[in-house]
Each structure stands twice: as C-alpha cells, then as structure tokens.
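Read through the structure below, which is laid out as structure tokens, and then see the notes.
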RNA sequence: GGGCAUGUGGCGCAACUUGGACAGCGCACCUGGCUUCGGACCAGGCGGUUGCGGGUUCAAAUCCCGUCAUGCCCGCCA
C-alpha cells in the first residue's frame, strides 16, 4: 500500500502541475518532485521551491513567479492552505483528514505498515559474515553480521526473496595453521570451542615468529593435504571447522542471527564449479595463455575492455589478472568467480545441500555437501556481499571478471556492501596477533553481550521476577548493541568504546525500546480502544500532529534504506519518532483527557511503527523494560 | 605512482545520491521540571567561517577543479 506521505506528495505535485499549466507552463512531474521539501514548521507542512524554476522560464523574479502561480492554485483533499513566501510555495495539510488517513493505514496494515513491493519478484543472495572457522566472532565480525542481518530484513520488508548465505573458507591458510596447532600442541579444549581455537591460533602464530622454517614448512604440507579431499587430513579439517562453526553459531543465535545456507569452500572445489567457470570465461575470449614473459604458463584474464565501463579499473597499469597459476593451481579469485557464477545461476555443478542444524527460530540451516539434493538454492537476480572496505579491490576484480565473461547484467547486480571496519582505541582487532583478546575482558561478541547485559540489569525495575529481569536485560543489551553498530552509515569506520556501548540514553536502542514500553503501558491501562469512536476534531496542531506527520513517512524511509543498503536510515527514523513521542507523552495527557480515543489511536499507531522499525534492525520490542 | 573511503561545534553522528529559506541530533557542560499515563524522560542555555583554495549558480555542507590530512587497498598469498 502507498504511504500516506506519498499520497500527500502526489496531491501537492498535481496541484502545482495544474496551476503551472493554468499559467501556460508545462512542467514534468519529475521536475516538480525535485523542488519539494519539508520546510520549517512555521512555513508549512510541505513546500516547493518551484518559484525559482518558474522565474527562469518566465524571466521574472522567483517571488513574482510563485505569486502568480498561487493565484491559480486549488485546494486538494489533504491540502487545505497554500501560500507564497519569497519564491517558495508553502502548503498546510488538512490535519483531520490526514490524521485519519495515517491512523487508519497503520491500523489496517499492522505489522506490514511501512513495507514496500519494490523488490517483488526478485531474488537476492546476501552473504555475511563469512568468518574464518578458527576463532570466535569478535566485535568486527559482529558489525558485519548485524549489518547483513538488518539489510536482509529490510530487503525482505521490500518484498525481495532473500537468501541469507554464509561462506566458510575451510581450506585457507588460517584454518591450516589452526589445525596444525590442534594436532601438534597437545592442548585439550577446555572452553567454548571457537574461543579455545582462537586462543590456540594466537599461540601458533607466536611459534611461527620464533621457529619460522620448521613450522611453516609443516603447515604448508598440511595445507596441501587438506586441499585434496581424499586425504584423512581433509576429513579431519572439515570436522574441525564444522565444530568451530557450530560454536560460532551459538553466538549467532544469541544475537538472533539466522541463515539459510552455509557454503564451504571445500564443497565448491569438490563440485567442480571452477572447471565450468573456466570454460565460460575461455569461451568469452577474455583469457590468454602466454608462453613467455611475466605470466608464462599461467591462464590470465584480459581486462583491457573494461575501460569505459569500470573507470577506476580502466586506469589500472596492470590489466591482466592470473586465474590459473603456472603450477596449474587456481587462484582464490578464480574460485570466487566460479562461486559467483553459481550464485547467479550461470553454472550449476554438482552442488548439493543437506540439513546442517535446526535453528532456534525453527528454520533449518542447510549446508553445501557431497550428498543431499539441489534444493533450488542460488539463481539470484542480485548478489550482495557484506565485506569490509579492505577487500574493495578484490570485489571490484570479481565484478570485472564477471563482466568480461560476458555477463554484463550480472556484473551490474553484484554489489559489494563495503563497510568501515571496527577498531579499538588501542589498535587493531586482528585475529593473528590476538588483538581481540583484551586485558580483563575480551572483545568477542559473547563477552560484549555479557557485559552489556549486566549493565542493563542494573536498570530494570524491581517489581519483576529474577527470571524476567534477566530476560529484559538481555533484550535491552541486544537493542543497545545492535542499534549502536547500525546507527551510523556503514562506510564509516567504527572505533569501539565501552563507554558508548554502555550508554542507554537518547540516541540509543534502549531509548527507542523505552518509548515503545511507555506506549504499551498507556494502552494496557486504557484497555481496548475503538478506532470507530475517534473524534478527529479533537486534533490540535501540536505534538500530536507532528508525530502523525512522521508516522506517515515510514515507507519512504524503508525504501530509501533498501535502495541504499543503509540500515542507519531506519535507526535515524526510529530516533525521530521516539523523540516526537516523548514530547507528545510529556505534553499531551492521554488517559481521561477530552481527546482520549484520538490520542489512544496515536499511541497505538506509534507503538506499531516503532515495533515494525525495531524489527528491521533485529531488535525485539518488549512491553516492559 | 594509482584507486577507494573518510574529514561537519570538545566528542560521536545526520543532512550530500536529487543544490534551496537561520546546517539538525545525541554525549559532555550550565539552568529548570517527578503528590498527575514509566525520569532509560522533558523544557531551556552554551558551543559551527561544514579540512583548505578556486569555480559554476539567483542560491553550495551538497555539483565541478585543485589541494591537504587520516585510513584501507593495488600478489601466480588466502
């Protein structure tokens, strides 16, 4: 359904368009849209700077042009008053009819209010967080996971068919190093497996520094063995990685982060996706096999033809990219290309799926495997990879390769959702050196949640049971953490600070949750309310109307967040609704007031919108906090 | 050398895609408000030549050119 704010805008545009044609000027709808904005509230509810455009055409001043236009202007269903000031056209809304439209839309649409159909009929794969299976999730991985989850929620709310996929690199050097430690250090797991493996991994890296020759030789040999899936080391490696992933997913589930499929690198290799991908790119004529020079005996992709399409790449000094090394092995990029051809349904391969585990939300998490069935995964129209900005070049290369393989359209629909990585005030988080291991508390997703939960517990009221207290504190902690990671634009780097993470005041998740709980309490005290009884003439042009104006805009924010892949737009919107509600709450008594039914309607509508928006960020609205 | 991202009051951010009316919000700081629907709140105050320099325009935080600072990246590694 169309948002009330959009109906309003359209009406305003039509009014302007008709008035312009009355004075003999034909203006396109798009031209007018560009002039529309929300003015300061003294000026009006919606305004247009159309006078400045007309001035040019009419060869007069903006003020005179706009004044002339206003003389030919008519009212609408939602717009009752229009005037002119210094070239701007300012309109005032008919409060009562607009309030009725907003409240009734929210009541009838309920938890779908604010949703959109812009993605209907399109399938999108979102890949996140793709953590190496040899360490616990730290706060850097957490940002990725929360971003991927929120973006997926938003896409779904916009009617996309979303497949949440997690890629597990179980053949990498990192895993080989960890497995080497597992086999050779002789330590036994004495804590959560991912945590233990992560700590062992740091030990291995210390040994590598001290005894480089011997250790790294052994690790190289192990790496070769695990790449050959017939060896017992390969089998052991997969089991090792699976155990680590299961431990990581305990954390994921605490954060209510769920997926549809896991894709293992070892399965990509086994399913021979690479061979098929190479065939396609070879047939496109974009590969070379030089017999001499720098790339002798390699298979390289030729990216010369990208100039006009990918401008940044066109300027590259080096426009060759190795796919198959001179020793016959494939580069990571080549394997990634193959995988992405699978995601887009360009190649099929013997890619099979079976159940990995049942998730707490009741949905099965599937995993790629050497047995099972095809299940119809893949075949996406759009692919979104949530990956840190450090891999920008790599992702661009992938896009380029897809392009020169003859899949220009797919290349366009491969999107790297690049985000600024998380840092600590004291430096890097990186796993190799154990930057995630803190002095007293670790920077893991588990420890963060524990820490914030205990803080939240101090805030909860006494009249609830211990059990409920724990539950509330947990939800508040999730709200605080998720909101904190999602409230600013993804591309900004995040410098983690305990002080900010533990702040529950305005501009935070708990502030929005608190607003929701206050609304819930009023409705609870009032008992049932009957929207048939609402007397709209009780509406004042005050806190109540300002709040309603904002509530009418939900869909516009959702669609923007969706097309820009920026959950912070939703967070911003939530804050403004929460703040407007708090002012309304303070200044306009609901219960036992003359306007009780109307204000209950506003409270109900606010509660619904906050709930819908919080869920998009993965935050659970709760009635008591 | 090249590419990308970031630069907005002491701190954290919004507005930039689509140029419009005195650049919004939070933290911190100062002042006030709970016998009244939940004070994780509200009302008010202090604080900004939007990194810098040009240009385009009636109008620039926003567009263009240049420049500086910070971070990341530019392998037959994964």
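In this note's numbering, the protein residues as written are 11 to 635. All residues carry an ideal CB built from backbone N, CA and C; glycine is no exception.
Do you know how far the Cα of residue j is from the Cα of residue i?
{"i": "residue 335", "j": "residue 308", "result": "5 Å"}
{"i": "residue 169", "j": "residue 381", "result": "32 Å"}
{"i": "residue 598", "j": "residue 558", "result": "14 Å"}
{"i": "residue 47", "j": "residue 586", "result": "17 Å"}
{"i": "residue 601", "j": "residue 531", "result": "11 Å"}
{"i": "residue 570", "j": "residue 365", "result": "36 Å"}
{"i": "residue 261", "j": "residue 58", "result": "50 Å"}
{"i": "residue 624", "j": "residue 483", "result": "17 Å"}
{"i": "residue 134", "j": "residue 286", "result": "23 Å"}
{"i": "residue 584", "j": "residue 160", "result": "14 Å"}
{"i": "residue 440", "j": "residue 208", "result": "11 Å"}
{"i": "residue 637", "j": "residue 37", "result": "With the chain covering 11 to 635 only, the question about residue 637 has no answer from this structure."}
{"i": "residue 81", "j": "residue 71", "result": "16 Å"}
{"i": "residue 44", "j": "residue 476", "result": "55 Å"}
{"i": "residue 310", "j": "residue 128", "result": "39 Å"}
{"i": "residue 490", "j": "residue 460", "result": "12 Å"}
{"i": "residue 408", "j": "residue 316", "result": "12 Å"}
{"i": "residue 268", "j": "residue 122", "result": "21 Å"}
{"i": "residue 589", "j": "residue 137", "result": "34 Å"}
{"i": "residue 61", "j": "residue 33", "result": "13 Å"}
{"i": "residue 98", "j": "residue 68", "result": "16 Å"}
{"i": "residue 581", "j": "residue 497", "result": "5 Å"}
{"i": "residue 715", "j": "residue 139", "result": "As shown, the chain starts at 11 and ends at 635. That puts residue 715 outside it, with no answer to give."}
{"i": "residue 465", "j": "residue 282", "result": "51 Å"}
{"i": "residue 173", "j": "residue 573", "result": "17 Å"}
{"i": "residue 535", "j": "residue 405", "result": "54 Å"}
{"i": "residue 640", "j": "residue 563", "result": "This structure gives no information on residue 640, because the portion of the chain shown stretches from 11 to 635."}
{"i": "residue 4", "j": "residue 149", "result": "The chain is shown from 11 up to 635; residue 4 falls before or after that span and cannot be answered."}
{"i": "residue 30", "j": "residue 52", "result": "25 Å"}
{"i": "residue 215", "j": "residue 222", "result": "9 Å"}
{"i": "residue 478", "j": "residue 164", "result": "30 Å"}
{"i": "residue 514", "j": "residue 607", "result": "32 Å"}
{"i": "residue 171", "j": "residue 156", "result": "19 Å"}
{"i": "residue 294", "j": "residue 288", "result": "10 Å"}
Where do the N-terminal and C-terminal ends of the beta strand (DSSP E) with residue i fall, by residue?
{"i": "residue 261", "result": "It is not in any beta strand (DSSP E) - residue 261 instead sits in the alpha helix (DSSP H) that spans 242-264."}
{"i": "residue 101", "result": "98-103"}
{"i": "residue 147", "result": "That residue, residue 147, is in no beta strand (DSSP E); it is neither H nor E in DSSP."}
Opposite residue i in the DSSP bridges: which residues?
{"i": "residue 137", "result": "175, 395"}
{"i": "residue 379", "result": "362"}
{"i": "residue 239", "result": "Residue 239 is not bridged to any residue."}
{"i": "residue 310", "result": "298, 332"}
{"i": "residue 368", "result": "374"}
{"i": "residue 272", "result": "176, 377"}
{"i": "residue 56", "result": "101"}
{"i": "residue 47", "result": "57"}
Taking the continuous alpha helix (DSSP H) assigned at residue i, which residues delimit it?
{"i": "residue 23", "result": "14-32"}
{"i": "residue 93", "result": "Taken as a continuous stretch (DSSP letters only), residue 93 belongs to no alpha helix (DSSP H), being part of the beta strand (DSSP E) at 89-95."}
{"i": "residue 306", "result": "Residue 306 -> no alpha helix (DSSP H), and no H or E assigned at all."}
{"i": "residue 459", "result": "455-469"}
{"i": "residue 594", "result": "578-597"}
{"i": "residue 702", "result": "An answer regarding residue 702 cannot be provided, because it is not within the stretch 11 to 635 covered by the chain."}
{"i": "residue 616", "result": "606-626"}
{"i": "residue 350", "result": "342-353"}
{"i": "residue 554", "result": "553-561"}
{"i": "residue 76", "result": "72-81"}
{"i": "residue 672", "result": "Because residue 672 is not part of the residues shown, which for the chain are 11 to 635, the question remains open."}
- Query: Enumerated in chain order, which unbroken segments of the beta strand (DSSP E) with a length of 3 residues or greater are wholly contained in the region 482-545?
  - Reply: 504-506
- Is the region 499-508 touching the region 427-441, taking contact as three or more C-beta pairs under 8 Å? yes
- Would you say the region 520-531 touches the region 607-619, given that touching needs at least three Cβ pairs under 8 Å? yes
- Start-end ranges of the beta strand (DSSP E) lying completely within the region 151-209, minimum 3 residues: 171-178
- Three-pair Cβ contact test at 8 Å for the region 183-200 versus the region 225-241: yes
- Query: Can you give, in chain order, each stretch of the beta strand (DSSP E) that sits fully within the region 404-452 and has at least 3 residues?
  - Reply: 424-429, 432-434
- Message: Does the contact criterion of 3 or more C-beta pairs under 8 Å hold for the region 390-400 versus the region 193-202?
- Response: no
- contact_flag[the region 369-386, the region 272-289] where n(CB pairs < 8 Å) is 3 or more: yes
- Inter-stretch contact at 8 Å, needing at least 3 Cβ pairs: the region 239-254 / the region 202-219: yes
- Message: Using a Cβ distance threshold of 8 Å, determine whether the region 93-112 contacts the region 538-555, with at least three qualifying pairs required.
- Response: yes
- Message: Using 8 Å as the cut-off, can you tell me whether the region 239-247 makes contact with the region 331-349, which would need three or more C-beta pairs spanning the two stretches below that distance?
- Response: no
- Query: Would the region 444-458 and the region 414-427 be scored as touching if the rule is three or more Cβ pairs under 8 Å?
  - Reply: no
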